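These notes concern the structure reproduced below.
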Amino acid sequence: MVDKKRKQLNALKQEINHVRHLLQTSWNTRGYTDAEVLKLSIELDLLINKYQQLVDQKPKQNTD
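My numbering applies: residue 2 is where the sequence shown begins, and numbers increase by one.
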């Protein structure tokens, strides 16, 4: 289970970095009030929240 969580975290990190790069590029070319920039900003926020929830998630205990 730990390995699965690690893979999910790594995938989210990659996606966060990708969207962060897109956001920075869009910000520089379109300006901070452009709809695409705002959309990417929201997407990045959601990904970061998802990542943080996964990090904070406590491991499930076996009740066997």
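The beta-carbon is built from N, C-alpha and C at its ideal position, and this holds for glycine as well.
Quick caveat: nothing in here was measured; it's all calculated off a predicted structure.
When burial is assigned at 16 or more other CB atoms within 10 Å of the CB, is V38 buried or exposed? Its Cβ being crowded by 16 or more others within 10 Å, V38 is buried.
Starting from D35, follow the alpha helix (DSSP H) in both directions and report where the run begins and ends. Annotation: D35 is outside any alpha helix (DSSP H) and is labelled neither H nor E by DSSP.
Alpha carbon of I17 to alpha carbon of D46, nearest angstrom: Taking the straight line joining both Cα atoms gives about 9 angstroms.
Could you tell me which of T34, S42, N11 sits nearest to Y52, measuring between CA atoms? The residue among T34, S42, N11 with its C-alpha nearest the C-alpha of Y52 is N11.
Does L55 pass the burial test, meaning 16 or more other C-beta atoms within 10 Å, or should it be called exposed? Counting Cβ neighbours within 10 Å, L55 comes out exposed, since fewer than 16 surround it.
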